[in-house]
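Asker:
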Amino acid sequence: MEERVGFTRKLPLLFFVVTLCLYSFLVFSFFPPTQFHKYVLAARQAIEGALPGERFADFSPLYLLFHILVQKTLKQPILFLKLAQLVWASLSPLFLFLILKKYVRPSVAAIGAAALILNPTLSVMTQAFEPETLGLFLLLGFFYFALRDDWPSHLLSGGFAGLAFLTRPNILPVLLFVPVFFLVRTSPARPRRLTSVLCFSLPVVLSFLFLLNRNEGLIGRAGIVTMNPGTVFYEGNNPLSRGTTSVYPFLIYDLARDYAQTPDVQHALYRRLARLSTGKNLTVSEVNAYWRGKAVRFIRDHPGRYGRLLATKVFHLFHSTNWHDLYNAYWNERKLAHSFWPTIPLGIISALALLGLVTQVKRWKQGLLFYALFAGQAGVMLVFYVSARQRLILLPALLFFACAALDFLVTRKRGGLLLAAVIPLSIVFGIPTSLMREEDHLWQGVSASGDHLSEAYRQRKLGDYPEAEIRSALALAAAPWLEDSLRPSDLGFGAAGFAGEALKHLKPESPSESFDEAFLLLEAGKTGKSEAAWKALIRKRQISKRDYYQSSSPHYYLALASLRSGDRESTRSLLIDGLRSIPGDPSILAALLALTGEDRYSRELSNYLDDTSADLYLGKAFLLAGNPLMAVPPLSRVAERLPDYRPARIYLAAAKGLAGDEEEAAALYIGLISERPDPVLLEEPLVRVFKTRSEKAPSDVRALLEFGIVLRQFGRAKEALEILERAKNLAAGEWTDPVAREIQLVERILAAHR
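Here the working numbering is used: the first residue of the sequence shown is 44, the next is one more, and so on.
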């Protein structure tokens with residue numbers, strides 16, 4: 044017996060050492076070195092004085108401060124940061140075991156600690172420079188000391204709790220229950236209850252005061268709200284969201300791609316768009332209120348859709364699948380899943396935890412902190428979204444109740460009957476859904492597309508244009524939803540066109556790929572085949588999830604096919620059907636507004652989106668509806684508000700040209716490609732605009748030269764050479780050299796294809 048007790052006492056240290064060794068191997072040897080450097084960049088900018096004060100509200104207060112101190116004082120900050128993450132992660136199972144041992148037998152507590160060690164989210168978040176690992180360590184430290192019986196421990200507990208709040212403010216609901224826990228708990232050696240409450244509360248209050256003072260100094264307004272809960276609420280509850288991860292407005296996603304060196308630029312873009320829409324210099328709090336109001340209006344207008352959204356969140360809260368919003372976390376977990384790394388599926392833990400929630404009711408006073416953690420964090424996730432990072436803080440509560448249930452089953456003669464109920468539930472929580480398959484498809488498509496696109500640019504630089512064209516087509520086949528950003532200039536795709544060439548590389552083997560094929564058929568102008576493909580998807584009732592990339596509604600694309608066929612009544616009917624299945628879809632709302640002009644669609648667009656995003660959708664919708672003149676005003680507003688947003692200016696050039704203003708369209712487009720030639724998009728309308736312009740002035744050398752440039756950009760080298768030869772025969776003076784240089788470039792491209 045004494046040997047067993049001695050071994051049990053050594054288990055916490057054993058858990059620490061084992062975790063440290065395993066995770067060190069993962070971080071330094073197993074996982075790729077690719078890192079998410081948001082906090083590293085933010086800290087560097089803060090040290091240099093380049094991080095605006097309001098940007099501090101976008102980050103974890105404590106974790107950012109830690110990064111700043113490390114970078115200021117150490118010569119090898121990255122190594123130290125990795126070691127710190129490892130220590131925090133390794134101490135977490137130690138604390139969890141010590142906590143569980145107070146409630147269940149040591150063997151069951153050891154199972155709980157082992158489940159935490161093997162949890163893939165903790166493994167991959169330890170490698171990421173994000174605050175979740177620190178937050179978990181502080182949370183478990185706070186619980187461990189709160190469960191002890193002396194006032195110094197409760198003072199320490201408050202210190203851990205205050206630091207946890209400064210790391211991730213979503214722990215706030217749990218903190219509110221701690222005084223109640225001290226007042227109702229029973230313990231033979233307890234100090235006076237009010238003393239416990241005061242000792243715990245003192246450091247927590249100090250953390251609140253620290254945050255108030257920091258926010259007033261940096262942002263100009265005192266408050267404890269940080270990390271933008273309003274915009275996060277919007278991300279989890281907007282018309283395109285499924286409640287599983289953050290879903291931005293498309294414009295924020297697209298703009299962010301040009302700001303790779305700006306840490307967490309999405310938050311800054313939220314503020315920019317809100318301020319542009321209101322015409323006011325909104326504070327951080329007002330920006331959060333602006334976006335929160337957009338989501339609230341959507342929820343109020345579509346309560347049924349919100350009910351389904353909540354049900355989706357509840358299901359995925361307990362499901363084994365982890366929804367990641369960090370690329371390195373997603374890919375590292377996939378690598379773990381295909382390796383030796385064992386794990387206990389979260390679906391099993393969740394099923395046991397639900398049983399434990401019931402079996403522990405009679406001991407609710409002792410388990411109040413865990414009930415509070417479960418209710419508080421689950422509530423936070425249902426309010427926002429149920430990503431893997433959010434769920435990591437819930438994991439201690441799930442493990443506590445799962446271990447309590449396991450201990451209960453072991454000690455009950457009829458435990459087998461309850462276990463029979465747990466098994467089917469754990470199976471349900473492990474079944475993959477179409478949403479999960481779509482999520483994998485998006486991650487894998489974006490990754491494969493990026494690899495092919497990088498190779499396309501490399502091959503073009505080497506002069507191997509045919510190989511570059513193949514790679515670009517492969518990039519589009521892998522991720523058709525990124526069509527506007529996947530075509531390098533000077534690459535041609537013959538009569539089939541860009542989408543047609545991509546179709547040759549796409550062999551659908553899943554519903555997600557069938558969706559992609561139907562979309563590419565539509566883009567390639569194969570309207571009949573596209574209609575058949577979309578109708579097949581509608582019959583199968585396939586659920587698609589395309590987030591901010593493109594509409595997820597097959598009805599929307601079938602409507603576009605009908606519009607091309609000239610059947611406007613069917614188009615309208617199909618769009619309304621699409622809106623019933625995906626209420627608030629901005630692509631559908633904009634299409635209906637462009638088609639019907641009804642005010643209700645305009646109101647919904649402006650209710651759920653910022654003005655600039657709404658204008659972008661509307662401008663594109665008017666172009667698709669064949670009404671370029673009506674597309675010009677909204678696209679002009681987008682270009683005026685966002686002069687750095689290149690795609691909007693290209694769409695505006697196409698709209699102006701198709702509306703009859705070829706000269707202004709040409710000036711705008713040629714100016715754009717002289718600044719940045721890649722990528723190219725809108726081939727058919729832009730070629731038509733420049734062709735019309737050159738036909739109106741057949742002796743205008745400039746018009747011919749610029750038409751040749753556009754043809755060359757879209758890979759039509761033979762046509763370009765014919766036009767440029769005409770320009771050469773007419774050229775004189777200042778135009779001679781530009782025409783000659785362009786001819787040389789076109790001839791080099793043609794030579795590469797021989």
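All C-beta atoms in this analysis are idealised placements derived from N, C-alpha and C, irrespective of residue type, glycine included.
Please report the residue range of the alpha helix (DSSP H) in which residue 155 lies.
Answerer: 149–160
Asker: Between which two residues does the alpha helix (DSSP H) containing residue 246 stretch?
Answerer: 236–261
Asker: Mind reading off the beta-carbon distance from residue 442 to residue 392? Whole number of angstroms is fine, and I expect it under 8 Å.
Answerer: 6 Å
Asker: Can you give me the Cβ contacts of residue 291 inside the same chain, cut-off strictly under 7 Å, excluding the 5 residues immediately before and after it?
Answerer: 278, 309, 591
Asker: What are the boundary residues of the alpha helix (DSSP H) that includes residue 592?
Answerer: That residue, residue 592, is in no alpha helix (DSSP H); it is neither H nor E in DSSP.
Asker: Are the beta-carbon atoms of residue 54 and residue 160 separated by less than 8 Å?
Answerer: no
Asker: With burial defined as no fewer than 16 other Cβ atoms inside 10 Å of the residue's Cβ, what is the status of residue 776: buried or exposed?
Answerer: exposed
Asker: Could you check the C-alpha separation between residue 44 and residue 365 for me, to the nearest Å?
Answerer: Low per-residue confidence applies at residue 44: pLDDT is 48, beneath 50, and the placement is therefore not dependable enough to give any value.
Asker: Please name the residue, chosen from 779, 367, 52, that lies closest to residue 10 on a Cα-to-Cα basis.
Answerer: Because the chain spans 44 through 797 in this model, residue 10 falls outside it and cannot be assessed.
Asker: Let's test the definition: count the other Cβ atoms within 10 Å of the Cβ of residue 463 and tell me whether it reaches 16, buried, or not, exposed.
Answerer: Residue 463 counts as exposed, since fewer than 16 other beta carbons sit within 10 angstroms of its beta carbon.
Asker: With the cut-off set at 8 Å, would you say residue 542 and residue 566 are in Cβ contact?
Answerer: yes
Asker: Tell me the rounded alpha-carbon separation between residue 427 and residue 521.
Answerer: 30 Å
Asker: Going residue by residue through the region 618–674, where are the continuous alpha helix (DSSP H) segments of at least 4 residues, counting only ones entirely within it?
Answerer: If only uninterrupted alpha helix (DSSP H) runs of at least 4 residues are considered, those enclosed by the region 618–674 are 629–639, 642–651, 654–667.
Asker: Beta-carbon separation of residue 361 and residue 472 under 8 Å?
Answerer: In this structure, residue 472 lies closer than 8 Å to residue 361 by Cβ.
Asker: Starting from residue 572, trace the alpha helix (DSSP H) in both directions and tell me its first and last residue.
Answerer: Per DSSP, residue 572 belongs to the alpha helix (DSSP H) from 570–583.
Asker: In or out: residue 789 buried (at least 16 other Cβ within 10 Å) or exposed?
Answerer: buried
Asker: Is residue 140 helix, strand or coil by DSSP?
Answerer: helix
Asker: Considering only C-alpha positions, which residue in the set 716, 615, 107 is nearest to residue 85?
Answerer: 107
Asker: Suppose contacts are defined by Cβ-Cβ distances below 8 Å. Is residue 526 in contact with residue 519 by that definition?
Answerer: Their beta carbons are under 8 Å apart, which means residue 526 touches residue 519 by this criterion.
Asker: Between 193, 119, 280, 707, which has its C-alpha nearest residue 651's C-alpha?
Answerer: 280
Asker: Are the region 266–276 and the region 92–104 in contact at 8 Å, needing three or more beta carbon pairs?
Answerer: yes
Asker: Using beta-carbon positions only, say whether residue 644 and residue 621 come within less than 8 Å of one another.
Answerer: no
Asker: Where in the region 174–223 do unbroken runs of the alpha helix (DSSP H), each at least 4 residues long, occur, reported from the N-terminal end onward?
Answerer: 175–189, 194–210, 215–218
Asker: Tell me the start and end of each unbroken alpha helix (DSSP H) in the region 296–322 that is at least 4 residues and wholly inside, in chain order.
Answerer: DSSP runs (the alpha helix (DSSP H)) wholly in the region 296–322: 308–321.
Asker: Among 180, 199, 478, which has the Cα closest to the Cα of residue 585?
Answerer: 478
Asker: Can you list, in chain order, the residues of its chain with a C-beta nearer than 6 Å to that of residue 231? Leave out the 5 residues immediately preceding and following it.
Answerer: For residue 231, the predicted model reports a pLDDT of 47, less than 50, meaning its position is unreliable; a value from the coordinates is still stated below. If we look at residue 231 and ignore the five residues flanking it on each side, it has no Cβ neighbours.
Asker: For residue 481, tell me which candidate among 119, 203, 557, 573 has the shortest Cα-Cα distance.
Answerer: 557
Asker: Exposed or buried, what is residue 780 when buried is set at 16 or more other beta-carbons lying within 10 Å of its beta-carbon?
Answerer: exposed
Asker: If we call anything under 8 Å between Cβ atoms a contact, is residue 580 one with residue 602?
Answerer: no
Asker: Given residue 302, which residues of its chain have a CB within under 7 Å of its CB, disregarding the five upstream and five downstream residues?
Answerer: 308
Asker: Which residues in the same chain have their Cβ closer than 7 Å to the Cβ of residue 759, if we skip the five residues on either side of it in sequence?
Answerer: Closer than 7 Å at the Cβ level, and outside the excluded window around residue 759, lie 535.
Asker: Residue 588 and residue 595 look like a contact to me (Cβ under 8 Å); what is the Cβ gap, rounded to whole Å?
Answerer: Their Cβ separation, rounded to whole angstroms, is 6 Å, which keeps residue 588 and residue 595 in contact under 8 Å.
Asker: Suppose the cutoff is 6 Å on Cβ atoms and the five residues either side in sequence are ignored; what does the same chain contact list for residue 28 look like?
Answerer: Because the chain is modelled from 44 through 797, residue 28 falls outside the range shown and cannot be assessed.
Asker: What whole-angstrom Cβ distance do residue 317 and residue 559 have, given they're in contact under 8 Å?
Answerer: Going by Cβ atoms, the distance from residue 317 to residue 559 rounds to 34 Å, so no, they are not a contact pair.
Asker: Where does residue 231 sit, in a helix, a strand or coil, going by DSSP?
Answerer: In this predicted model, residue 231 has a pLDDT of only 47, less than 50, meaning its place in the structure is not dependable enough to derive any value.
Asker: Hey, residue 613 and residue 624: beta-carbon distance below 8 Å or not?
Answerer: no
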